[in-house]
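Heads up, the sequence shown is in the working numbering, so the first residue is 249 and it goes up one at a time. Here a beta-carbon is modelled for each residue, glycine too, at the ideal position from N, C-alpha and C. Below: the structure, in structure tokens.
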Amino acid sequence: MILRRGRARAGADPAPPADEPDAGAPAAPAHSTPTVGDADADPPHFGEGPADVLLQRLELTVRRRLDGLLQGDHLGLVPGSGSEAGDSRTYHPGDDVRRMDWPVTARTQVPHVRETIADRELETWAVVDLSASLDFGTGLCDKRDLAIAGLAAVSHLTVRGGNRLGAVVTTGERVDRYPAKPGRLAADRLLRAVVATPRAATGRRGDLAAALETLRRPPRRRGLVVVVSDFLGDTDWERPLRGLGARHELLGIEVVDPRELDLPDVGPLTVVDPESGQTLEVPTGDPRFRARFAEAAAEQRQAIAAGLRRAGAGHLQLRTDRDWVMDVVRFVADRRRAGSGGASR
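Below, the structure written as structure tokens:
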């Protein structure tokens, strides 16, 4: 079906307008020119300059904005309430009744709750999908750049107090594994290695499921697993992700471009599937076709969200046309409220 093919090629580059035809060659991604006010919302375009300089700019953006908007003793993505028993204190309205310390309450005849001590040593593994479908973007950046920016945010929020960060990077052609190491310097070296990962050649499909399987065997100590991908293509990633969810806390970071959700009216459009090399003529001037594409794309995103939910993973969506830092802030704030017994929107 053409609709299914069009949906599978949501990661393809758009062709030039109808009045400037190009014989099937993908056009360069159309980047919006950010203004001074939203410059921090635009991740650096890796490949347009020295990686060290671009990563330093990204690190300054993440530190300045996240530290200014997320205050607290522990900025982790899974702050939780801890599992080690701490001291008891007097009950205050609003405390979680599940933490009532009944022996102390019975002895003193005053309601007491038991505080817990959070474990500060967290091992985080990031599975980063850099397949050919990520080499696309029509917003402020490419999806590949946004995936690296999401990994930088994860490293900033987790690497502190002895926490370790490791990564498995897959492109469809190769799978690179970086052992989990503590410290900011190790995290910076990891980011530089991910930026230097060669781009996948056109016609090679990504294999996210195989990358996830490398984390399941052999089993690792319990921790946090973050999957950064657009989750396009086959849904064979769900089974290994559910297996990881039996032992680890899971977070799925979905990278989305607006052209994967709806098509503009630009007349006949030639799109290329970067993971198969096939081309397809898309009649974007037909409003019924655009409506069917938007409906199919919405169903696809709902299926991705449902798969992450069945695996027990948190779901953070980052878009190339939005302020990605604010999306991270809202997600972490909601997780904090949920972890402390408050309501999560």
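Worksheet item: Going by the beta-carbon positions, is the gap between V473 and T372 smaller than 9 angstroms?
Response: It is a contact, given that the beta carbons lie within the stated cut-off.
Discussion item. Here's the rule: buried if 16 or more other CB atoms are within 10 angstroms of the residue's CB, otherwise exposed. What is P522?
Written reply: Answer is buried; the Cβ neighbour count reaches 16.
Worksheet item: Roughly how many angstroms lie between the CA atoms of R495 and R470, to the nearest whole one?
Response: Cα-Cα distance, rounded: 6 angstroms.
Item to complete: Would you kindly work out how many angstroms separate the C-alpha atoms of E421 and A428, rounded to a whole number?
Response: So the two alpha carbons sit approximately 23 angstroms from each other.
Practice prompt. Output the boundary residues of the beta strand (DSSP E) element that contains W350.
Written response: Annotation for W350: no beta strand (DSSP E) segment contains it, though the alpha helix (DSSP H) segment containing it runs 350-356.
Worksheet item: Start and end of the beta strand (DSSP E) containing D372?
Response: Before going on, a small fix: residue 372 reads as Thr here, not Asp. For T372, the uninterrupted beta strand (DSSP E) segment begins and ends at 371-377.
Item to complete: Give the straight-line distance between the Cα atoms of A554 and A561, rounded to the nearest whole angstrom.
Response: If I take the Cα positions, the gap works out to 10 angstroms.
Worksheet entry | Length of the line joining the Cα atoms of E497 and R452 | A direct Cα-to-Cα measurement between E497 and R452 gives close to 30 angstroms.
Worksheet item: Touch check for the region 352-366 and the region 386-396: three-plus C-beta pairs under 8 angstroms?
Response: Touching, no, given that fewer than three Cβ pairs across the two stretches are closer than 8 angstroms.
Worksheet entry | Pairwise C-alpha distance: A354 and R567 | If I take the Cα positions, the gap works out to 53 angstroms.
Worksheet item: Straight-line CA distance for R468 to T462?
Response: Approximately 11 angstroms, taken between the alpha carbons.
Worksheet item: Quick one: Cα of I501 to Cα of P341, how far?
Response: Taking the straight line joining both Cα atoms gives about 36 angstroms.
Practice prompt. Give the DSSP bridge partners of G420, in chain order.
Written response: The partner list for G420 (beta bridge, DSSP) is empty, contrary to what the question assumes.
Item to complete: On a CA-only basis, which of L382, S381, A400 is nearest L303? Give me that one, please.
Response: Of L382, S381, A400, the residue nearest in Cα terms is A400.
Discussion item. Quick check: R506 and L517, are their CB atoms within less than 9 angstroms of each other?
Written reply: Position check: residue 506 holds Pro in this sequence, whereas Arg was assumed. When the beta-carbon positions are compared, P506 and L517 stay at least 9 angstroms from each other.
Discussion item. Taking the beta strand (DSSP E) that E523 belongs to, which residues open and close that run?
Written reply: If you look at E523, you'll find it isn't in any beta strand (DSSP E); DSSP assigns it neither H nor E.
Worksheet entry | Residue ranges of each beta strand (DSSP E) within the region 498-583, 3 or longer | Runs found: 516-520, 527-531, 561-567.
Worksheet item: When you compare each of R487, A444, W572 to A457 by their alpha carbons, which one comes out closest?
Response: Answer by Cα proximity: R487.
Discussion item. Can you check which of these residues, L382, Y339, P351, V514, is closest to G481 by C-alpha distance?
Written reply: The shortest C-alpha separation from G481 is found at L382.
Worksheet item: With a Cβ-Cβ cutoff of 9 angstroms, do T419 and S477 count as a contact?
Response: Not in contact: T419 and S477 (Cβ atoms no closer than 9 angstroms).
Discussion item. Measuring alpha carbon to alpha carbon, tell me which residue in F384, Y339, A397 is nearest V443.
Written reply: When each option's Cα is compared against that of V443, the closest is A397.
Fill in: Beta carbon of L439 nearer than 9 angstroms to that of T406
No, Cβ-Cβ distance for L439 and T406 is not below 9 angstroms.
Discussion item. In whole angstroms, give me the CA-to-CA distance for Q565 and E508.
Written reply: Taking the straight line from one Cα to the other gives about 13 angstroms.
Practice prompt. Return the chain-ordered ranges of every alpha helix (DSSP H) run that is complete within the region 428-497 and spans a minimum of 4 residues.
Written response: Whole alpha helix (DSSP H) segments, 4+ residues: 432-443, 456-464, 486-493.
Worksheet item: Are P298 and W572 close, meaning C-beta to C-beta below 9 angstroms?
Response: Here P298 is not near W572, since their CB atoms are 9 angstroms or more apart.
Worksheet item: Would DSSP call H404 helix, strand or coil?
Response: Assignment of H404 by DSSP, reduced to helix, strand and coil, places it in the helix class.
Discussion item. Between V402, T483, V416, which has its C-alpha nearest F441's C-alpha?
Written reply: Per the sequence shown, the amino acid found at residue 441 is Ala instead of Phe. For the set V402, T483, V416, the Cα lying nearest the Cα of A441 is the one of V416.
Fill in: Cβ shell of A448 (< 6 angstroms), same chain only, five flanking positions each side left out
Closer than 6 angstroms at the Cβ level, and outside the excluded window around A448, lie S379, A380, T419, G420, E421.
Worksheet entry | T356 versus D335 - alpha carbon distance | T356 and D335: Cα-Cα distance of roughly 15 angstroms.
Fill in: Close-in-space but distant-in-sequence residues of the same chain around D569 (CB under 6 angstroms, 5 per side omitted)
The answer, listed in chain order, is G387, P506.
Fill in: Sequence-distant residues of its chain with Cβ nearer than 7 angstroms to R432 (five each side left out)
In chain order, V407 place their CB closer than 7 angstroms to the CB of R432, counting only its own chain and leaving out the 5 sequence neighbours on each side.
Worksheet item: Can you pull the DSSP bridge partners for T338?
Response: Among the bridge pairs identified by DSSP, T338 is matched with H360.
Worksheet entry | Residue burial classification, V358 (beta-carbon count within 10 angstroms, cutoff 16) | V358 should be labelled exposed.
Discussion item. Distance check for R305 and Y339, CA to CA, integer angstroms please.
Written reply: Roughly 46 angstroms between the two C-alpha positions.
Worksheet item: Nearest CA to the CA of D424: which residue from A374, L556, A434, R412?
Response: Answer by Cα proximity: A374.
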